[in-house]
Amino acid sequence: MIAYVINPGTASTKLALAHIQPSDNPSLPGNIRVELEKREVSHPDLPVPFIEKLPLIRQEIWQGIKGWPRPEAVVGRGGILGPLPAGTYRVTQELSDFAIHSPYKDHITNLGAPLALEVAKAFGVEAYVVDPMSVDELLPEARISGFPGAERTSLFHALNAKAVARRTAYEVGKRFTDSVIVVAHLGNKSSITTYRKGRAIDTTGAHLEEGPFTPSGTGMLPLSKLLDLAYQYPRARVEQMLLFESGFKGLTGTADLKELEQRQDEPQVKLAVKAFVYQVAKYIGSYSVVAGRPDAIAITGGIARWFSLVDMIEEKLSWIAPVVVIPGELELEALAEGVGRVLVGHEQPREWVKP
Ligand SMILES: Nc1ncnc2c1ncn2[C@@H]1O[C@H](COP(=O)(O)OP(=O)(O)OP(=O)(O)O)[C@@H](O)[C@H]1O
Ligand SMILES: CCCC(=O)O
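Start counting the sequence shown at 1; every next residue gets the next number (the UniProt record's numbering).
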């Protein structure tokens with residue numbers, strides 16, 4: 001069976017032609033075999049609302065899939081679709097319209113559903129999204145903050161984190177649905193998440209929530225310092241500072257971690273790296289106690305390609321559990337596996353309900 005996989009990002013669109021077969025091998029995720037032919041097309045990372053990137057990304061997709069055999073389904077990256085359980089969702093017109101006009105956040109992944117639907121309609125097949133960013137499986141007690149009404153929310157790298165957790169469980173000889181796995185996704189945004197028995201029971205979140213600082217974001221700030229900022233500047237300016245002028249960029253002058261890897265002997269860079277390692281380890285440590293001792297800790301995302309930095313994190317954590325490093329991400333694989341389980345009949349797609 002053939003599926004097209006569409007993953008729109010801020011600076012590139014990733015596409016894959018997925019060849020999917022059922023399999024009796026229990027070590028394969030969802031008992032299916034998936035082979036991917038991948039393509040990536042870069043576009044400028046313009047600071048404009050995601051909807052303005054739609055024409056360019058649409059063009060990239062139609063160009064990218066030219067010559068591919070006819071698909072049985074099309075799957076796109078799910079965006080911010082309201083709190084929902086993990087799984088594969090059929091894209092309806094209502095879901096697609098909601099993604100385009102998302103009342104939650106301006107996020108590029110909201111283009112995944114509408115674009116998948118557009119391509120699917122052209123071939124007369126169904127479109128799906130898998131494990132959207134707004135997957136919410138938080139424990140009731142994890143949802144509570146110290147301020148009544150200000151509940152913690154779940155908005156994180158749900159697609160990659162789950163795929164990485166599943167693979168990590170397999171690597172340490174456990175079933176995902178019987179294990180506790182802590183996943184640290186360290187990319188342009190970060191999220192630390194605890195999976196217990198296959199569910200994301202707590203997460204720092206990835207967007208102006210909690211967690212360590214990032215290439216250009218503050219991560220969690222002391223409340224008093226945040227209040228000082230909030231009373232000094234308008235909200236849009238504060239958000240700009242928190243998201244784009246802080247973290248490694250604020251501390252060293254650049255958010256390009258490949259450059260910092262080259263400059264890692266400079267004292268200012270050394271201290272920033274030490275602080276980052278310290279914060280990441282501290283968050284992973286706290287997410288390692290909420291569900292009993294973890295069976296493994298996984299480190300993933302683009303920053304996991306900085307091996308000496310990852311070694312420093314691992315050194316602080318290896319007494320807790322084995323550390324498995326999966327650099328980059330498994331998003332295309334996870335999307336293909338999600339739609340594959342539906343195509344081979346191992347799983348029924350979920351129906352999305354407007355929040
Ligand atoms: N070889 C490398 N060495 C050091 N840092 C790297 C390396 N490769 C990528 N990075 C860093 O990883 C970060 C990008 O990570 P990633 O590709 O996961 O981000 P993204 O997909 O844009 O965002 P997110 O992961 O939040 O969805 C950048 O800060 C980049 O500098
Ligand atoms: C979950 C956040 C994903 C991103 O912004 O890349």
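Glycine residues also receive a C-beta, built at the ideal position from the N, C-alpha and C atoms.
> Which residue comes first and which comes last in the alpha helix (DSSP H) that contains T168?
Replying inline: Where T168 is concerned, the enclosing alpha helix (DSSP H) stretches over 158–171.
> Cβ atoms of K53 and I80: under 8 Å apart, would you say?
Replying inline: no
>> Taking contact to mean 3 or more Cβ pairs, one atom from each stretch, closer than 8 Å, check whether the segment 314–334 and the segment 154–169 are in contact.
In response: The segment 314–334 vs the segment 154–169: in contact.
> Counting pairs of beta carbons, one from the segment 273–287 and one from the segment 212–221, are three or more of them closer than 8 Å?
Replying inline: Contact between the segment 273–287 and the segment 212–221 is present, because at least three Cβ pairs lie under 8 Å.
>> Do Y278 and V182 have their beta-carbon atoms positioned less than 8 Å apart in this structure?
In response: Contact: no.
>> I'd like to check one pair, A336 with V41: are the Cβ atoms closer than 8 Å?
In response: no
>> I need the straight-line Cα distance from residue 361 to P55, nearest angstrom please.
In response: In the structure as shown, the chain begins at 1 and stops at 355. Residue 361 is therefore absent and cannot be evaluated.
> DSSP three-state call for R77: helix, strand or coil?
Replying inline: strand
>> List, from N- to C-terminal side, the beta strand (DSSP E) runs of 3 residues or more that fit wholly inside the segment 96–151.
In response: 126–130
> What separation, rounded to the nearest whole angstrom, lies between the Cα atoms of D131 and D24?
Replying inline: 24 Å
>> Does the segment 183–202 come into contact with the segment 133–147, if we say contact requires no fewer than three beta-carbon pairs (one atom in each stretch) closer than 8 Å?
In response: yes
>> Are there any heavy atoms of ligand 2 lying less than 7 Å away from the beta-carbon of H207, as far as the coordinates show?
In response: yes
> Considering only the beta carbon of each residue, do G112 and R152 sit closer than 8 Å?
Replying inline: Taking 8 Å as the Cβ cut-off, G112 and R152 do not qualify as a contacting pair.
> Which class does R58 belong to by DSSP, given the choice of helix, strand or coil?
Replying inline: helix
> Mapping DSSP to helix, strand and coil, what is G301?
Replying inline: strand
>> I need the straight-line Cα distance from L260 to W62, nearest angstrom please.
In response: 37 Å
>> With a threshold of 7 Å (Cβ to nearest heavy atom), would L229 be considered close to ligand 1?
In response: no
> Taking buried to mean at least 16 other C-beta atoms within 10 Å of its own C-beta, is R167 buried or exposed?
Replying inline: buried
> Under the rule that 16 or more other beta-carbon atoms within 10 Å means buried, what is D295, buried or exposed?
Replying inline: buried
>> If you follow the beta strand (DSSP E) that R33 is in, where does it begin and where does it stop?
In response: 32–42
> For ligand 2, any of its heavy atoms closer than 7 Å to the Cβ of H101?
Replying inline: no
> Is M1 near ligand 2, in the sense that its beta carbon is under 7 Å from a heavy atom of that ligand?
Replying inline: no
> Taking only runs of the beta strand (DSSP E) that begin and end inside the segment 268–313, which ones reach a length of at least 3 residues, in chain order?
Replying inline: Inside the segment 268–313, DSSP marks whole beta strand (DSSP E) runs of 3 or more residues at positions 296–301, from first to last along the chain.
>> If distances are taken between C-alpha atoms only, which option among V119, P44, A236, F50 comes closest to L15?
In response: V119
> Are the beta-carbon atoms of L229 and M241 separated by less than 8 Å?
Replying inline: yes
> Considering V339, what are the terminal residues of the alpha helix (DSSP H) in which it resides?
Replying inline: 331–343
>> Using only the alpha-carbon positions, how far apart do G64 and S224 sit?
In response: 49 Å
> Could you give the C-beta distance for G87 and R350, rounded to a whole number, given that I count them as a contact under 8 Å?
Replying inline: 5 Å
>> Would you say the beta carbon of K249 is closer than 7 Å to some non-hydrogen atom of ligand 3?
In response: Although ligand 3 was asked about, the structure shown includes only ligand 1 and ligand 2 as ligands.
> Are the segment 246–265 and the segment 303–312 touching by the rule of at least three beta carbon pairs closer than 8 Å?
Replying inline: Using a C-beta cut-off of 8 Å, the segment 246–265 makes contact with the segment 303–312, since at least three inter-stretch Cβ pairs fall below that distance.
> Whole alpha helix (DSSP H) runs in the segment 245–269 with 4 or more residues, listed along the chain?
Replying inline: 247–252, 257–262
> Quick one: Cα of L226 to Cα of V125, how far?
Replying inline: 49 Å
>> Given this structure, state the Cα-to-Cα distance separating V48 from G292, to the nearest angstrom.
In response: 43 Å
> Where do the ends of the beta strand (DSSP E) carrying L17 lie?
Replying inline: That run of the beta strand (DSSP E) goes 12–22.
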